[in-house]
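The numbers in the working numbering rise by one with no breaks, and the one at position 41 of the sequence shown is 698. C-beta atoms are modelled at their ideal positions from N, C-alpha and C, and glycine is treated no differently. First up is the structure itself, then whatever we jot down about it.
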Amino acid sequence: SLSCLPPPVAMIHFDSHPDLACPSPSVPARACFEPRKEWPVKCTEKKCTIALDDETSEMSRNLYEHLDLDRSGIAQWILPLVLSGDLDFVHWVRSAWADQIQ
């Protein structure tokens, strides 16, 4: 938690793309509230997901390690901060030449 900062907390994000992708279904919202916690991981042939019901898993990852390995990658890193209540506003500033999203 960013409790050392008085609310509301705003972020100004300078980038050519917003990094505002929703966390994939393999990332439970609960993990957004404890991003540094090591969550047990359950893997199949196609992907690994956080296994909230499996505390006996031999492998674990924190939220950001999991997002980094996810198909959407690091484009998901901002919304967990919003979901957890640590961030109230996000202002995305992009250059005029950045035309990935109009």
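Under 8 Å between C-beta atoms of residue i and residue j
i	j	result
Asp676	Ile758	no
Ala667	His748	yes
Cys689	Ser741	yes
Pro697	Ser717	yes
Of the listed residues the options, nearest to residue i (C-alpha basis)
i	options	result
Thr706	Leu724, Pro692, Lys694 and Glu691	Leu724
Glu695	Ala708, Thr701 and Leu744	Ala708
Tyr721	Lys704, Arg728 and Arg693	Arg693
Gln733	Ala678, His670, Ser673 and Phe671	Ala678
Val684	Lys704, Phe671, Ser673 and Ile669	Lys704
Residue i (DSSP reduced to helix, strand or coil)
i	result
His674	coil
Cys679	coil
Arg728	coil
Val739	helix
Ala686	helix
Inter-residue Cα distance where the pair is residue i and residue j
i	j	result
Glu691	Trp754	37 Å
Leu726	Leu736	17 Å
Glu771	Leu738	In the structure as shown, the chain starts at 658 and stops at 759, and residue 771 therefore has no counterpart that could be examined.
Val661	Asp745	Looking at the sequence shown, residue 661 is not Val but Cys. Cα to Cα, the separation comes out at about 14 Å.
Ser714	Lys699	7 Å
Ser673	Val750	8 Å
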